[in-house]
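Participant: Residue numbers (the UniProt record's numbering): 1 to 346. After the structure tokens below, expect a handful of questions from me.
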């Protein structure tokens, strides 16, 4: 086996009864496959005879991942020398699925990401606080910040790899963008009908499809090459990093739901604004749009009540003014006094 392979674990899809995982302990921080700590027994004759325990620092230990097969060491480990140690684990597909089923919920993935961010904040360097492989470079025209802020899970089988698969995702986003039922905005408003009403020609199908394709390709870039877009606001940068353990399918599902129901976000996509906010953390953006709906509803109720109060107040004021004017008119022009009846004396 070639030890000069990628720094990240790789899964080989050979037509065999087992799958091979290659782990680089020097780059354990980049791993996202094993959610829990696990133990590997070193083979006899190696420099260490004890069972070595490996636990990515920010993961909550969930006990050792027991393996039925003895791991194969590519070369004798040299502890403390900084030398890369590569281990090959032979795991059957069923055991592999079982091992990866732990912590697979979106909430768990976000929690693990927050632990990465928490550990990242404790780094000494400014660049290290920003991401896993960020560099601050001084140039003749000013500072440049670049690099890879975080990596998405490797060997993600949900990433579209062919034009046909990409087109399938694009088509689903097109339908989501054009949907005008069950939206968070008021569907009877003219502004909504102009853009999203049935039969509207505000956007051509070519524009919608091109925008959807741009979103899918942007997602594909993130999940294949990591997040490289510089975000200078710390809170926003960390917001996007919370999705670092998402699969492509996880991110797509969130974006699809967002565009299906938030036409304000669809308008942002078509305008070319908030692109990175949309693909960076669509779940957070979806929550914000839901909160805006509730906030706007409460605001509308308050405005309606305020208008009713002002109307009643205006009516009361008008009535009072009218009554006062009537009284003033009577003072200026008093009503003629009735003539006293003459008395007749007998």
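All C-beta atoms, glycine included, are put in the ideal place defined by N, C-alpha and C.
Can you look up residue 289 in the DSSP assignment and give me helix, strand or coil?
Facilitator: helix
Participant: Report yes if the C-beta distance between residue 136 and residue 148 is below 8 Å; otherwise report no.
Facilitator: no
Participant: Go ahead and pull the three-state DSSP assignment for residue 272.
Facilitator: The three-state reading of DSSP puts residue 272 in coil, since its state is none of H, G, I, E or B.
Participant: Please report the distance separating the alpha-carbon of residue 118 from that of residue 284.
Facilitator: 19 Å
Participant: Which residues bound the beta strand (DSSP E) around residue 136?
Facilitator: 133–139
Participant: Can you name, in chain order, every residue of its own chain whose Cβ lies under 7 Å from the Cβ of residue 173, other than the five neighbours on each side?
Facilitator: 212, 215, 216, 256 and 259
Participant: Measuring straight from C-alpha to C-alpha, what distance separates residue 314 and residue 182?
Facilitator: 38 Å
Participant: Helix, strand or coil for residue 203, going by three-state DSSP, please let me know.
Facilitator: coil
Participant: Where does residue 122 fall in DSSP's three states?
Facilitator: coil
Participant: For residue 184, collect the residues of the same chain with a Cβ closer than 7 Å to its Cβ; drop the 5 residues on either side in sequence, then sort them by chain order.
Facilitator: 261, 262, 289, 290 and 293
Participant: On the DSSP letters alone, give me the boundaries of the alpha helix (DSSP H) that residue 240 sits inside.
Facilitator: Element bounds for residue 240: 234–241.
Participant: Can you tell which of 245, 123, 264 and 229 has its C-alpha closest to the C-alpha of residue 104?
Facilitator: 245
Participant: Please report the distance separating the alpha-carbon of residue 188 from that of residue 197.
Facilitator: 9 Å
Participant: For residue 254, which residues of its own chain have a beta-carbon under 7 Å away from its beta-carbon, when the five flanking residues on both sides are left out?
Facilitator: 282, 283 and 286
Participant: Report buried or exposed for residue 266, applying the criterion of at least 16 other Cβ atoms within 10 angstroms of its Cβ.
Facilitator: So residue 266 counts as buried.
Participant: If distances are taken between C-alpha atoms only, which option among 280, 150 and 210 comes closest to residue 239?
Facilitator: Nearest to residue 239 by alpha-carbon distance, out of 280, 150 and 210, is 280.
Participant: Across which residues does DSSP place residue 170 in a beta bridge pair?
Facilitator: In the DSSP output, where bridge partners are listed per residue, residue 170 has none listed.
Participant: Give the range of the beta strand (DSSP E) segment to which residue 255 is assigned.
Facilitator: Run containing residue 255: none in the beta strand (DSSP E); it sits in the alpha helix (DSSP H), 248–261.
Participant: Identify, in the order they occur along the chain, each residue of the same chain with its Cβ nearer than 7 Å to the Cβ of residue 166, setting aside the five sequence neighbours on each side.
Facilitator: 160 and 216
Participant: Please report the straight-line C-alpha distance between residue 232 and residue 241, rounded to a whole angstrom.
Facilitator: 13 Å
Participant: With a 10 Å radius around its C-beta and 16 neighbouring C-beta atoms as the bar for buried, classify residue 200 as buried or exposed.
Facilitator: exposed
Participant: Which one of 249, 144, 204 and 210 has the shortest CA to CA distance from residue 222?
Facilitator: 249
Participant: For residue 153, does the count of other Cβ atoms within 10 angstroms reach 16, so buried, or fall short, so exposed?
Facilitator: buried
Participant: Which word fits residue 139, buried or exposed, when buried means at least 16 other C-beta atoms lie within 10 angstroms of its C-beta?
Facilitator: exposed
Participant: Quick one, are the C-beta atoms of residue 206 and residue 195 less than 8 Å apart?
Facilitator: no
Participant: Looking at the secondary structure, which residues open and close the alpha helix (DSSP H) in which residue 194 lies?
Facilitator: Where residue 194 is concerned, the enclosing alpha helix (DSSP H) stretches over 190–196.
Participant: Is residue 231 helix, strand or coil by DSSP?
Facilitator: coil
Participant: With a Cβ-Cβ cutoff of 8 Å, do residue 226 and residue 151 count as a contact?
Facilitator: yes
Participant: When you compare each of 208, 123 and 170 to residue 133 by their alpha carbons, which one comes out closest?
Facilitator: 123
Participant: Can you list, in chain order, the residues of its chain with a C-beta nearer than 6 Å to that of residue 274? Leave out the 5 residues immediately preceding and following it.
Facilitator: 268, listed in sequence order.
Participant: Confirm, please, whether the CB-CB distance from residue 251 to residue 243 is below 8 Å.
Facilitator: The Cβ atoms of residue 243 and residue 251 sit closer than 8 Å to each other.
Participant: Within a Cβ cutoff of 6 Å, which residues of the same chain sit near residue 237, ignoring the five residues on either side of it in sequence?
Facilitator: Excluding sequence positions up to five before and after residue 237, its CB lies within less than 6 Å of the CB of 231, all in the same chain and listed in chain order.
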